[in-house]
Amino acid sequence: MENNIFALNLEQLKEIAESLQKRVEEGLSMENQEVQCIPTFIHPKTDNVNGQAFVLDLGGTNYRVASVDFKDGNPTIRPENGFKKDLSVMKNPSFTEEQLYAEQANLIREIKREDEIPVGYCFSYPAESLKDGDAKLLRWTKGVNIPGMADKPIGKPLLEYLNKETRPKFKSIKVINDTVASLFAGLTKSDYDAYIGLIVGTGTNMASFLPAENILKLDKSEGFKGLLPVNLESGNFKPPFLTHVDNIVDALSDKMGTQRFEKTVSGMYLGELLKAVFPADDFEKDFDAQKLTTMMGYPDIYKEEHVKVARQIYERSAKLVGASLAGLVLVLLSHTPCIKRIRLIAEGSLFWSEDRKGLNYKAIVAITLRELLDSFNYKYVTVDIDKMDNANLIGSAIAALS
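Structure follows, in structure tokens:
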């Protein structure tokens, strides 16, 4: 490829940020919009967090369990990083709901418990938060499609299964999205004006806190007040300036027309974009972002043209994430103009990946975000991008104890 079809200039990135801002406002006003903006009806504790919770973390391919003990707001995780198992078997078309519960329960038995404690369930798929702290699955993503679970609560049936199979019983369960879990984890530092949770790994998404009175689609008779966590489900955003290559990847995907931002940004799809550019060439099966970054880091053993385009795809992904963050900051500032300092907890292997021959992903995101905020005349707004070990576990425990 002579020309870089994945290049985006500052004006294009500004248009992407403004488009995301517009879609978020639509999602806050009406149901079933492109960017859904799903409120989570949990007011997380921001200080004096004490107690023990059991946490489950179900991601795109991995599953973790741990016990989290808070004392004076400081979490201790046992075992240190949780017990983990590969659950890519979820992508098997014949995999069932009962099998999912059995797989989850088997790992839970590995951790000794003496008391009945609450459960925080980090569920990394699109789900609608319910008033009781549970959530209803909206749709499966990331290649998973377990039948019979959509439009039903996620937490209650799992809790019932666990309490039949394990002892001591669990007291309650609260279900949050992984992006909301990252958002909650950011609250462990209380000296910021606003918080953002970001995932850029197998999939991508963002979350933040917004004033309940400005979430116009909420039933006012419910009397919601203060800041509510909002899971944007931003992976479904359709940004401007998509290419014909993006359209090919979308057409070949399981769910054509959905998750267009995710298909341009996330680790699950970057390799698919590269393969779509070179349809006549042979690539490894399941050529994902990790293999893409390996190609960038060791260019001498790959075709020069492959390496060149791989870097273009990688850089565009990071710039798009920077633009989407700028769009979310525009939303936050429009609702709360006094915001100056924002803490961003970023999760995901792609976000923290490294390019041995160029700028790392996080650096490209940070530079893009800074340039965009400056161009929107928000030079005084700072966004601190932090990496937190076990953010999902900590955020889920805060939810369980709130």
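Our numbering numbers the first residue of the sequence shown as 1061 and each following residue consecutively. Yeah, the Cβ is synthetic: ideal placement off N, Cα and C, and Gly gets one too.
Return the chain-ordered list of same chain residues with a C-beta closer than 6 Å to the C-beta of residue i, the five sequence neighbours on each side being excluded.
i	result
A1349	G1327, L1330, L1410
T1262	G1120, K1202, G1327, M1328
S1413	T1353, Y1421
Q1072	F1301
I1454	P1135, A1245
M1209	E1157, L1197
Since residue i and residue j should fall inside the 8 Å C-beta cutoff, what is the C-beta to C-beta distance between them, to a whole number of angstroms?
i	j	result
P1299	F1269	No, P1299 and F1269 are not in contact; Cβ-Cβ is about 24 Å, not under 8 Å.
N1307	L1088	Incorrect: roughly 29 Å between the Cβ atoms, too far for contact.
T1303	A1378	Actually they are not in contact, since the Cβ atoms of T1303 and A1378 sit about 16 Å apart, beyond 8 Å.
P1139	V1128	Going by Cβ atoms, the distance from P1139 to V1128 rounds to 11 Å, so no, they are not a contact pair.
K1105	S1462	5 Å
I1458	L1287	Going by Cβ atoms, the distance from I1458 to L1287 rounds to 15 Å, so no, they are not a contact pair.
V1179	A1460	6 Å
P1228	R1173	6 Å
M1150	V1204	5 Å
N1152	K1131	Not a contact, Cβ separation roughly 41 Å.
P1289	I1102	7 Å
C1398	D1253	7 Å
L1404	D1444	7 Å
Y1123	L1068	About 36 Å separates the two Cβ atoms, so there is no contact after all.
F1066	I1373	6 Å
L1380	I1076	7 Å
D1117	N1437	Incorrect: roughly 39 Å between the Cβ atoms, too far for contact.
With distances taken Cα to Cα, identify the nearest neighbour of residue i among the options.
i	options	result
L1218	P1139, A1077, V1115	V1115
M1448	A1383, H1395, A1241, T1324	A1241
L1385	N1069, G1257, G1455	G1257
A1336	S1313, Q1319, G1317	S1313
N1092	E1431, P1207, L1432, E1188	E1188
Y1255	K1224, D1146, K1400	K1400
P1099	I1076, S1079, L1243	L1243
A1245	S1079, R1124, C1182	C1182
L1432	G1408, L1388, K1417, D1107	L1388
N1108	G1133, C1097, M1090, I1102	G1133
K1145	A1165, T1156, I1137, E1157	A1165
M1356	K1345, V1369, D1253	V1369
T1318	E1220, L1419, W1200	W1200
S1435	A1126, K1074, N1064, Y1374	K1074
L1222	D1341, I1233, L1118	I1233
E1158	D1175, I1214, L1292	I1214
R1169	V1441, T1264, G1142	G1142
F1284	L1380, S1250, V1367, A1272	A1272
L1276	D1117, G1418, D1415, H1395	H1395
Q1081	R1416, A1383, N1452, K1345	A1383
K1212	E1225, D1194, K1224	D1194
E1293	A1267, D1279, S1281	A1267
Y1185	T1442, N1291, D1251	N1291
L1392	Y1123, E1078, T1226, A1311	E1078
D1342	P1359, H1366, E1220, V1325	H1366
Report the three-state DSSP secondary structure of residue i (helix, strand or coil).
i	result
L1377	Correcting the residue identity first, residue 1377 is Ser in this sequence and not Leu. DSSP places S1377 in helix when its eight states are reduced to three.
K1323	helix
F1114	strand
T1442	strand
N1265	strand
V1290	strand
Y1255	strand
S1127	strand
I1214	coil
V1109	coil
I1275	coil
T1136	strand
E1231	Checking the sequence, you will find Lys at residue 1231 rather than Glu. In this structure, K1231 counts as coil in the three-state DSSP scheme.
V1337	helix
F1244	helix
K1224	helix
L1410	coil
I1102	coil
N1092	coil
L1419	coil
D1146	strand
L1270	strand
I1065	coil
I1236	strand
Going by beta carbon distance, what residues of the same chain come within less than 7 Å of residue i, once the five residues before and after it are set aside?
i	result
I1177	Q1112, A1113, F1114, F1230, K1231
I1259	D1238, T1239, S1242, N1265, E1407, G1408
R1416	G1357
T1226	A1165, I1168, R1169
E1344	K1351
E1375	I1424
Using a Cβ-Cβ cutoff of less than 8 Å, which residues in the same chain neighbour residue i once the five nearest sequence positions on both sides are dropped?
i	result
E1094	R1083, E1086, G1087, N1296, F1297, K1298
F1347	G1331, E1332, L1334, K1335
D1310	M1316, G1317, R1320, K1323
Segments of 4+ residues assigned as alpha helix (DSSP H) that fall wholly inside the region 1149-1204: 1157-1168
Every unbroken beta strand (DSSP E) inside the region 1345-1408 [3 residues or more]: 1401-1407
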